Amino acid sequence: MDDYKRNEIQQAIAAADHALDCLYAAQRYLGSASGWGIVDMLGGGFLTTLIKRSKMSNASYCIQEAKAAMAAFRRELADVDQAMPLAIDEGDFWTFADFFFDGFFADVMVQSQISRARSQVEDAIDYVSGLRQQLIELLKSQ
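Each step along the sequence shown adds one to the number in this note's numbering, with nothing skipped, and position 133 is 327.
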């Protein structure tokens with residue numbers, strides 16, 4: 195393998211590492227938001243809602259960072275002739291509903307959205323980890 199190709203693979207691995215760091219951070223915040231969401235559904239009150247919203251806001255920021263990191267990863271993969279179709283869906287309605295319709299049914303809906311986001315982040319982690327491993331194997335084989 196020539197140095198150029200090896201360098202491209204190493205850059206793709208570094209981009210995968212950055213994307214994974216962002217995804218793991220989002221996963222942690224979503225897990226925390228989920229825990230606070232359960233407390234909120236059990237009658238936690240306004241303070242609980244604020245804490246949960248803070249965790250959700252942090253998760254949202256991490257997801258945005260992850261999207262940017264994954265776009266960089268996608269560009270690096272293109273340099274080593276790979277493809278990466280992946281999208282993380284994130285809605286804004288649940289933010290509005292939680293504050294303005296605060297009650298058990300709104301909390302259940304928010305909890306469902308948090309769970310869906312957690313699942314998508316976990317899928318993205320698995321996907322990026324798998325591609326990263328393939329890149330490492332490609333690097334080793336050359």
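Cβ atoms here follow ideal geometry from the backbone N, Cα and C, with glycine treated the same way.
Just so you know, these numbers come straight off a predicted model, no measurement behind them.
By Cβ distance below 8 Å, which residues in the same chain neighbour residue i in space, the five residues on each side in sequence not counted?
i      : result
Glu202 : Glu270, Asp273, Val274
Gln221 : Arg312, Val315, Glu316, Ile319
Ile245 : Trp230
Ile207 : Arg326, Leu329, Ile330, Leu333
Consult DSSP for residue i and reduce its assignment to one of helix, strand or coil.
i      : result
Gly239 : coil
Val274 : coil
Gln336 : coil
Asp197 : helix
Phe294 : Confidence in Phe294 is poor, its pLDDT being 40 and thus under 50, which makes the residue's placement unreliable; the coordinate value appears in the next sentence. Helix at Phe294.
Ile330 : helix
Kindly list the residues whose CB is nearer than 6 Å to the CB of residue i, restricted to its own chain and excluding five residues on each side of it in sequence; keep chain order.
i      : result
Phe267 : Ala209, Ala210, Ala213
Gln205 : Glu270
Leu333 : Ile203
Gly238 : none
Asp196 : none
Leu217 : Ala260, Val315, Ala318, Ile319
Met264 : Ala213
Give every residue of the same chain whose Cβ lies closer than 7 Å to the Cβ of residue i, excluding the five residues on either side of it in the sequence, and list them in chain order.
i      : result
Lys249 : Tyr223, Ser226, Ala227, Trp230
Ile252 : Looking at the sequence provided, one finds Asn at residue 252 rather than Ile. Answer for Asn252: Tyr223, listed in chain order.
Cys256 : Cys216, Ala219, Ala220, Tyr223
| query | Would you call the region 315-326 and the region 208-220 in contact, with 3 or more CB pairs under 8 Å? | reply | yes
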